[in-house]
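K.L.:
Protein chains in written order, with our numbering: chain A, 1 to 332; chain B, 1 to 332.
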């Protein structure tokens, strides 16, 4: 009576040195398979680390979860590969996507980060506005000095990028009574933006910012978008929040401005080199909060990724379009 | 044609050692008088510090702005005194109010602190939830270690006291998606409380708290309300925020619990001795944010106080009830 069901091969690939909570391990798979037993019964899994068994696995794999898949002659090496899932949202390590064979689907994990990002940006805006880094520096030195600040409402947040993270930033800002200006590739933006501009108009909006929030993906069009000249367009009372990618901002210029007191502060969750090395000057730059790339991630991150993958696998079996399929021409 | 208008005598009293932004100085009066020229024309002002001219001034004063007015034989010493304005909201230094002569009005400055308090508590809840003290301790030591936390929404905040500050705490908590339980003298609470209990029921709600926010005035009924046994009813994952008064909480027990890791953290804006002395153990207690009593105060605080006083003076001249008149029996 039961129709014979096809079994698919899924290869899970982890990298040493990446944060453990992002690794698609055999243990995380086993836990997820219990949540989706019927779908899991149709999947045969292999698990590798740092490419140890990847070449062999790709010979038969239908799917892979791998944030940095091999990009040379991929179709030749993985003749059956139909779908690649990455564990993060940003695809910058594998851009441009000219290596992606026609018909092969690439999905990222965008949409998993919004709620935590909203909390993180709410915290960032208030902490920078209320000068928490200076207050905690005083605490360290046992000094009691009032630093009085006005309520935050009525200020303006300029948000670069208005995808999942940018919209989370927008919600955070609106919740605090800020005016939200979105800067996007197209010049259009979803709610809760009060105004939206194309990236070409960025110079006109930067002087209006009390807060500049970087929430864009790293693409050729955003690389060093916030360069020294643009940082100079910010008011000295403005603060910067980066939960996107470090290379969108000229960090050398940013640090110099912070050292000279030409900006009120910064919260940085992303750096060119992660983990940030112990000798980095960022650890001690004044009025800066350094976060270890946690602003958008939650406990159970990889469990949610597997849930997302299983839901997409169900769509695959039903012949439906996959959620979070990346447009190779745009890069997200 | 012009009726002769009565001129009233207002005595302004400052104390050395209190924060400067709370001092009703001659300069602040002069600035306020420009904003209310017609009303100011009916006022003759004297300014004193630490009681230097107070006895003499009170012989003729109709009004005074003084947070610690003389309490012995006041009617005898100030035969014309009709109205005392304090510069803060909490009246704990002059309680009980049995010294207040019949018919003399006492007004406090409640209602001036809500917007800033809402910001401060939003920051406190997120900072403690996301373990910002530990993250910033890592930053100090140049250590990159992910501390992953879930979104804050869905947790529960228990708010002690639900006047202006408590309601601000309630708005902050609701804005972050928390469930709000108010504990009040009467057992009733205004929005945005989801539930309200009388102080007698406090033991039953403390185990439900992810956050315990102290926003009550210091009164006989709140002194040491959060004693050691009640702190022990909190979950180890709970965090405490105090923007009310230090003596509401057993700070020795609180510090011991924080040192032992039996609570997740605390943000304390109020202390028994302010300024907090340099040798205080609070400066270095783990997972604690020490603020120098700024969580509810803004720049221009004294300007707003004078605005409030002039509006009330207008009511006085029109024979209307004064806003913020304190009920001597309740103490706020």
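Ideal Cβ placement from N, Cα and C applies to all residues, glycine included. As the structure is a computational prediction, the values presented were derived from the model and not from experiment.
Going by DSSP in three states, residue 1 of chain B sits in which element: helix, strand or coil?
P.N.:
Bear in mind that the predicted position of residue 1 of chain B carries a pLDDT of just 43, short of 50, making it unreliable; the figure below should be weighed with that in mind. For residue 1 of chain B, the three-state secondary structure derived from DSSP is coil.
K.L.:
How long is the line joining the alpha carbons of residue 207 of chain B and residue 172 of chain B, rounded to whole angstroms?
P.N.:
21 Å
K.L.:
In the structure shown, what three-state DSSP assignment does residue 149 of chain B receive?
P.N.:
coil
K.L.:
Which residues of the stretch 297–315 of chain A have a Cβ closer than 9 Å to any Cβ of chain B? Give them in chain order.
P.N.:
297, 298, 299, 300 and 301
K.L.:
Which of helix, strand or coil does DSSP assign to residue 113 of chain A?
P.N.:
coil
K.L.:
Can you pull the chain A neighbours of residue 192 of chain B, defined as C-beta to C-beta under 9 Å?
P.N.:
By Cβ distance, chain A contributes nothing, its closest Cβ being about 14 Å from residue 192 of chain B, past 9 Å.
K.L.:
Would you mind stating whether residue 270 of chain A and residue 282 of chain A have Cβ atoms separated by less than 8 Å?
P.N.:
No, these two residues do not count as a Cβ contact at 8 Å.
K.L.:
Show which residues of chain A have a CB atom less than 8 Å away from the CB atom of residue 285 of chain B.
P.N.:
None at all; the shortest Cβ gap to chain A is about 10 Å.
K.L.:
Would you list the one or two residues that DSSP bridges to residue 44 of chain B?
P.N.:
Answer is B/9, bridged to residue 44 of chain B.
K.L.:
Buried or exposed: residue 257 of chain A, going by 16 or more other Cβ atoms within 10 Å of its Cβ?
P.N.:
buried
K.L.:
What do you get for residue 352 of chain A, buried or exposed, if any count of 16 or more other CB atoms within 10 angstroms of its CB means buried?
P.N.:
This structure gives no information on residue 352 of chain A, because the portion of chain A shown stretches from 1 to 332.
K.L.:
So residue 175 of chain B contacts chain A; which residues on that side make the cut at Cβ distance below 7 Å?
P.N.:
175
K.L.:
How long is the line joining the alpha carbons of residue 315 of chain B and residue 322 of chain B, rounded to whole angstroms?
P.N.:
Straight-line Cα distance between these residues: approximately 6 Å.
K.L.:
Assuming contact is defined by CB atoms lying nearer than 8 Å, are residue 12 of chain A and residue 298 of chain B in contact in what I supplied?
P.N.:
Remark: C-beta atoms of residue 12 of chain A and residue 298 of chain B do not approach each other more closely than 8 Å.
K.L.:
So that I know if they touch, is there some Cβ in chain B lying closer than 8 Å to that of residue 152 of chain A?
P.N.:
Answer yes: the Cβ-Cβ gap between residue 152 of chain A and chain B drops below 8 Å somewhere.
K.L.:
Quick check on the DSSP output: the beta strand (DSSP E) that includes residue 265 of chain A runs from which residue to which?
P.N.:
Segment 265–268, the beta strand (DSSP E) holding residue 265 of chain A.
K.L.:
In terms of alpha-carbon separation, which member of A/292, A/58, A/307 and A/284 lies closest to residue 137 of chain A?
P.N.:
A/284
K.L.:
Sorted by chain position, which residues of the same chain lie with C-beta nearer than 6 Å to residue 158 of chain A's C-beta, five sequence neighbours on each side aside?
P.N.:
181, 205, 209 and 212
K.L.:
Cβ of residue 68 of chain A within 7 Å of any heavy atom in the ligand COA?
P.N.:
In the structure shown, the ligand COA is absent, as is every other ligand, since no ligand is present at all.
K.L.:
Nearest-angstrom Cα distance between residue 238 of chain B and residue 122 of chain B?
P.N.:
16 Å
K.L.:
Are the Cβ atoms of residue 169 of chain A and residue 215 of chain A separated by less than 8 Å?
P.N.:
Against a cut-off of 8 Å, the Cβ pair of residue 215 of chain A and residue 169 of chain A comes out as a contact.
K.L.:
When you compare the CB of residue 145 of chain B with every CB in chain A, is at least one pair closer than 8 Å?
P.N.:
yes
K.L.:
Taking a Cβ distance cut-off of 8 Å, strictly less, list which residues of the stretch 112–128 of chain B are near chain A, in chain order.
P.N.:
115, 116, 118, 119, 120, 122, 123, 126 and 127
K.L.:
Please check if any C-beta of chain A sits within less than 8 Å of the C-beta of residue 1 of chain B.
P.N.:
With a pLDDT of 43 at residue 1 of chain B, under the threshold of 50, the modelled position of this residue cannot be trusted; read the value that follows with caution. Output row for residue 1 of chain B: interface = no.
K.L.:
Using the C-alpha atoms, what's the distance from residue 86 of chain B back to residue 49 of chain B?
P.N.:
15 Å
K.L.:
Quickly, what does DSSP pair residue 211 of chain A with across the bridge? List them, please.
P.N.:
Bridge partners of residue 211 of chain A according to DSSP: A/157 and A/239.
K.L.:
Going by DSSP in three states, residue 16 of chain A sits in which element: helix, strand or coil?
P.N.:
Reduced to three states, the DSSP call for residue 16 of chain A is coil.
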